[in-house]
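One line per chain: the protein sequences are X and H, in this order. The first sequence begins at 1 in this note's numbering and counts up by one. The second sequence begins at 290 in this note's numbering and counts up by one. Below: the structure, in structure tokens.
There are 2 protein chains.
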Amino acid sequence: MIYDAAIVGSGPAGLSAAIVLKMRGKSIIWFGSGDMSQKIEKSAKISNYPGLGTVSGHELNNRFKEHIKELDLEINDRLVTTISNTGNRFMLLANNDVFEAKTLLLATGVVAAKEFPGEAEYLGRGVSYCATCDGFFYKGKTVAVYCANSSYLPEVSYLAGVADKVYLFSPDRNISVKEANVEIQQAGFAGIQGDKKVEAVELNNGEKISVDGVFILRNAISPAKLLPGLEMDGPHITVNRQLQTNIKGCYAAGDITGRPYQITKGVGEGNVAAHEILEYLASEAAESK
Amino acid sequence: MIYDAAIVGSGPAGLSAAIVLKMRGKSIIWFGSGDMSQKIEKSAKISNYPGLGTVSGHELNNRFKEHIKELDLEINDRLVTTISNTGNRFMLLANNDVFEAKTLLLATGVVAAKEFPGEAEYLGRGVSYCATCDGFFYKGKTVAVYCANSSYLPEVSYLAGVADKVYLFSPDRNISVKEANVEIQQAGFAGIQGDKKVEAVELNNGEKISVDGVFILRNAISPAKLLPGLEMDGPHITVNRQLQTNIKGCYAAGDITGRPYQITKGVGEGNVAAHEILEYLASEAAESK
């Protein structure tokens, strides 16, 4: 099936767009977290969302969850790791499955995580963001995995079943695994070294471990890495007043388009982007007649 | 007193900006209606305001009213009829009083009312939007008044006390006045005629009445008339992604900046404009040191 729109991100911008597109009868595939927005969830107090007075972030996030339940919206919790643009279609790779859509809305929030030294340099040359996509290249080999939190443990298990040896790094000190060939490292992950391809990982105690590949599993992939060719301005996607990016059919909304990082800006931009997507779909339909 | 910001309009955009500026400790004068947004009030059902599920317009408008009460925000219900820009200050004329502000946010909504033939042509040459401002020019003379609704009757009374004769036009068939020199017309107001200045009003039955001046009292003055020099694109104020207009210190947000006419767009843009105003005030304060 070809979806009318793919939305990546379940914060206020993605939500607002999903509501509009669903109400207008469009088919959407919406990638994000069932927890909606962790950033909102963790906010102690929000007073500037008009109409709600003062609420806790937890309460607002719950209201968002109720809203999607009421409208029968579904969030797909697969992690989108690569998007390719075939001219008039977008192909999204998420946990080894491919989804196809006519339009794309990037509402991923800002990437707070800092890149590791060597991460950008060796991406595609031993560095991967998706274990189930690239894991089989490391059959019988040695890999390192950086795992932002325990939600990525199924990917670690998958790697353990393929690779000979897995070195696991995580900021979560309580992380644990069953597989005997996974060795949890106490030292921090400090960077990636290599020549033409990945050869080793650096630890923050100065040590090095030789590896054939590195998997970085965290929900914060820079949009320009997700979709090659996307025009960025620092950490933000460049958009115009219609929330159009430089790629035809691709829109962006919310924190990822720039400051201020505000919930109201997100819901506003998500709504505007959705209306632009509706116009785009209508004009595409008219052209193909 | 010089306010940090003047906000014109009490719909979602004005509200969202007022909340942000108030929370950041800025002094604001906020012009609008205690009824907030009539457009929202009259909406039967709203389902695309994230976090509220499906609500009636009346309910959402009431929630907006509760929010401003909680934050101790006040709406000034005077009608702003003229704004002048003195370079680094804005002077707003509202019911004959002048208010001064460092920055200006126009969040007036779109002007739905169609202009009358001759209205733009004779503005300032016999056509006025403010009885208490220009009424004394018509001492002992004859004027026509177009009165959108009964809320403008105090201005009609003021004119009746100054002019010799007042012809009153209104779409409200139940409108009534006490003053003996006010003659309510049953025929509709159709346009303004003159040569160098206003000479007569046209009725929709083909008749004409000779007058010296025409007062048009309705809450829908085109922004370019309100603030001369403002760059417009059709009925919309031209803004950039930061909601800046072509006039320094002047911002616009909500429906007045263009489609889609959506509540979420309004709250988003009001928030962004308020943050830009905060930055502008900070840089102005730094410069004056």
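Yeah, the Cβ is synthetic: ideal placement off N, Cα and C, and Gly gets one too.
_Continuous alpha helix (DSSP H) stretch holding SER305(H): start and end_ = As a working note, residue 305(H) is residue 16 in the second sequence. Note, SER305(H): alpha helix (DSSP H), 301–312.
*Out of VAL143(X), TYR158(X), HIS275(X), point me to the one whose CA is closest to ALA200(X)'s CA.*
Against the first sequence, residue 200(X) aligns to sequence position 200. Ranking the options by Cα distance to ALA200(X), first place goes to VAL143(X).
*Just checking, does the segment 266–284 of chain X make contact with the segment 227–244 of chain X on the three C-beta pairs under 8 Å criterion?*
yes
*Secondary structure at GLU121(X), three-state DSSP: helix, strand or coil?*
Numbered from 1 along the first sequence, position 121 holds the residue referred to as residue 121(X). DSSP places GLU121(X) in coil when its eight states are reduced to three.
_Top-ranked residue by Cα proximity to LEU362(H), from ILE318(H), SER439(H), ASN463(H)_ = As a position in the second sequence, residue 362(H) is number 73, starting the count at 1. Selected option, being the one with the closest Cα: ILE318(H).
_Within the continuous alpha helix (DSSP H) that includes CYS250(X), where are the two ends?_
Against the first sequence, residue 250(X) aligns to sequence position 250. Not the alpha helix (DSSP H): CYS250(X) falls in the beta strand (DSSP E), residues 250–252.
*Among ASP233(X), GLY268(X), ILE256(X), ALA224(X), which residue has its Cα nearest to the Cα of ASN85(X)?*
Translated into positions along the first sequence, residue 85(X) becomes position 85. The option with the nearest alpha carbon to ASN85(X) is ALA224(X).
*Per DSSP, what kind of secondary structure is SER151(X) in: helix, strand or coil?*
Taking the first sequence and counting its residues from 1, the one referred to as residue 151(X) is at position 151. In this structure, SER151(X) counts as helix in the three-state DSSP scheme.
*How is TYR167(X) classed by DSSP in three states: helix, strand or coil?*
Along the first sequence, read from residue 1 onward, the residue named residue 167(X) stands at position 167. Reduced to three states, the DSSP call for TYR167(X) is strand.
*asked:* Quick check on SER157(X): does DSSP put it in helix, strand or coil?
replied: Translated into the one-based positions of the first sequence, residue 157(X) becomes position 157. Looking at SER157(X) - three-state DSSP - the assignment turns out to be helix.
*Would you mind listing the beta strand (DSSP E) stretches within the segment 69–105 of chain X that are 3+ residues and don't spill past its ends, in chain order?*
80–85, 90–94
*Considering only C-alpha positions, which residue in the set VAL451(H), PHE478(H), GLN482(H) is nearest to ARG462(H)?*
In the second sequence, the residue the question calls residue 462(H) occupies position 173. When only C-alpha atoms are compared, the closest one is PHE478(H).
*Hey, does GLY109(X) have any beta-carbon neighbour from chain H nearer than 8 Å?*
For the purposes of this step, residue 109(X) is taken as residue 109 along the first sequence, with counting starting at 1. Output row for GLY109(X): interface = no.
*For GLN38(X), decide whether its Cβ has a neighbour in chain H, counting only Cβ atoms nearer than 8 Å.*
Your numbering for residue 38(X) matches position 38 in the first sequence. It does not: the Cβ of GLN38(X) has no partner Cβ on chain H nearer than 8 Å.
*Thinking C-beta only, is LEU227(X) closer than 8 Å to ILE83(X)?*
Reading the first sequence from its first residue, position 83 is the one you call residue 83(X). Reading the first sequence from its first residue, position 227 is the one you call residue 227(X). Against a cut-off of 8 Å, the Cβ pair of LEU227(X) and ILE83(X) comes out as a contact.
*On the three-state DSSP scale, how would you describe SER210(X)?*
For the purposes of this step, residue 210(X) is taken as residue 210 along the first sequence, with counting starting at 1. Three-state result, SER210(X): strand.
*What residues in the segment 334–358 of chain H have a beta carbon less than 8 Å from any beta carbon of chain X?*
SER336, ASN337, TYR338, PRO339, GLY340, LEU341, GLY342, THR343, LEU349, ARG352, PHE353, GLU355, HIS356
*asked:* Could you check whether the Cβ of SER305(H) sits closer than 8 Å to any Cβ belonging to chain X?
replied: For this step, residue 305(H) is matched to residue 16 along the second sequence. Cβ-Cβ to chain X under 8 Å: yes for SER305(H).
*Bridge partner(s) assigned by DSSP for THR397(H)*: Reading the second sequence from its first residue, position 108 is the one you call residue 397(H). Note: THR397(H) sits in no beta bridge, so no partner.
*Is the shortest distance between the beta-carbon of GLN533(H) and the beta-carbons of chain X less than 8 Å?*
As a position in the second sequence, residue 533(H) is number 244, starting the count at 1. No, GLN533(H) lies away from the interface with chain X (no Cβ there is under 8 Å from its Cβ).
_C-beta neighbour in chain X for LYS554(H), strict 8 Å_ = Translated into the one-based positions of the second sequence, residue 554(H) becomes position 265. Taking Cβ atoms only, chain X reaches closer than 8 Å to LYS554(H), which makes this a yes.
*Taking C-beta to C-beta, are GLU59(X) and THR343(H) nearer than 8 Å?*
As a position in the first sequence, residue 59(X) is number 59, starting the count at 1. As a position in the second sequence, residue 343(H) is number 54, starting the count at 1. No, the Cβ-Cβ distance between GLU59(X) and THR343(H) is not below 8 Å.
_VAL344(H) - DSSP class collapsed to helix/strand/coil_ = As a working note, residue 344(H) is residue 55 in the second sequence. VAL344(H) falls in the strand class under three-state DSSP.
*Please name the residue in PRO154(X), SER43(X), VAL145(X) whose C-alpha comes closest to that of VAL166(X).*
Taking the first residue of the first sequence as position 1, residue 166(X) is located at position 166. Answer by Cα proximity: VAL145(X).
*With DSSP as the reference, label LEU290(X) as helix, strand or coil.*
Because residue 290(X) is not part of the residues shown, which for chain X are 1 to 289, the question remains open.
*Given a threshold of 16 other Cβ atoms within 10 Å of its Cβ, counted over all protein chains shown, does ASP484(H) qualify as buried or as exposed?*
Residue 484(H) sits at position 195 when you count from the first residue of the second sequence. By the 10 Å Cβ count, ASP484(H) comes out exposed.
*For the alpha helix (DSSP H) that GLN327(H) lies in, which residues bound it at each end?*
Within the second sequence, the letter at position 38 stands for residue 327(H). It spans 327–330 - the alpha helix (DSSP H) in which GLN327(H) sits, taken as one unbroken run.
*Among the residues of its own chain, which have a CB less than 7 Å from the CB of MET331(H), if the five just before and after it don't count?*
The residue you call residue 331(H) lines up with position 42 of the second sequence. Going by the sequence as given, residue 331(H) is Lys instead of Met. Closer than 7 Å at Cβ, skipping near neighbours: GLY346.
*Compute the distance between the beta-carbons of GLY254(X) and HIS236(X), then report whether it is under 8 Å.*
Position 254 of the first sequence holds residue 254(X). Position 236 of the first sequence holds residue 236(X). Contact: no.
*Measure the CB-CB distance between GLY268(H) and ILE481(H) and report whether it falls below 8 Å.*
One cannot answer for residue 268(H) here, as it falls past the ends of chain H, which runs 290 to 578.
*Where LYS248(X) and LEU278(X) are concerned, what is the direct C-alpha to C-alpha distance, given to the nearest angstrom?*
Translated into positions along the first sequence, residue 248(X) becomes position 248. Translated into positions along the first sequence, residue 278(X) becomes position 278. Whole-angstrom Cα-Cα distance: 14 Å.
_Taking a contact to mean a Cβ-Cβ separation below 8 Å, would you say VAL182(X) touches VAL127(X) in this structure?_
Locating residue 182(X) in the first sequence gives position 182, where the first residue counts as 1. Locating residue 127(X) in the first sequence gives position 127, where the first residue counts as 1. No, these two residues do not count as a Cβ contact at 8 Å.
*Determine the direct distance from the alpha carbon of ALA420(H) to that of SER47(X), and round the result to whole angstroms.*
Counted from its first residue, the first sequence places residue 47(X) at position 47. Counted from its first residue, the second sequence places residue 420(H) at position 131. Computed Cα separation, rounded: 40 Å.
*What does DSSP give as the partner residues of VAL8(X) in its beta bridges?*
Counting from 1 along the first sequence, the entry for residue 8(X) is found at position 8. Answer by DSSP bridge pairing, in chain order: PHE31(X), LEU106(X).
*Note down, in chain order, every chain X residue with its Cβ under 7 Å from the Cβ of ILE536(H).*
As a first step, residue 536(H) is located in the second sequence; it is residue number 247 there, counting from the start. Within 7 Å Cβ-Cβ: nothing; ILE536(H) doesn't reach chain X, min ~18 Å.
*Own chain residues within Cβ distance below 6 Å of ALA302(H), not counting five before or after*: As a first step, residue 302(H) must be located in the second sequence, where it is residue number 13. Closer than 6 Å at Cβ, skipping near neighbours: ALA396, ALA542, GLY543, GLY555, GLU558, GLY559.
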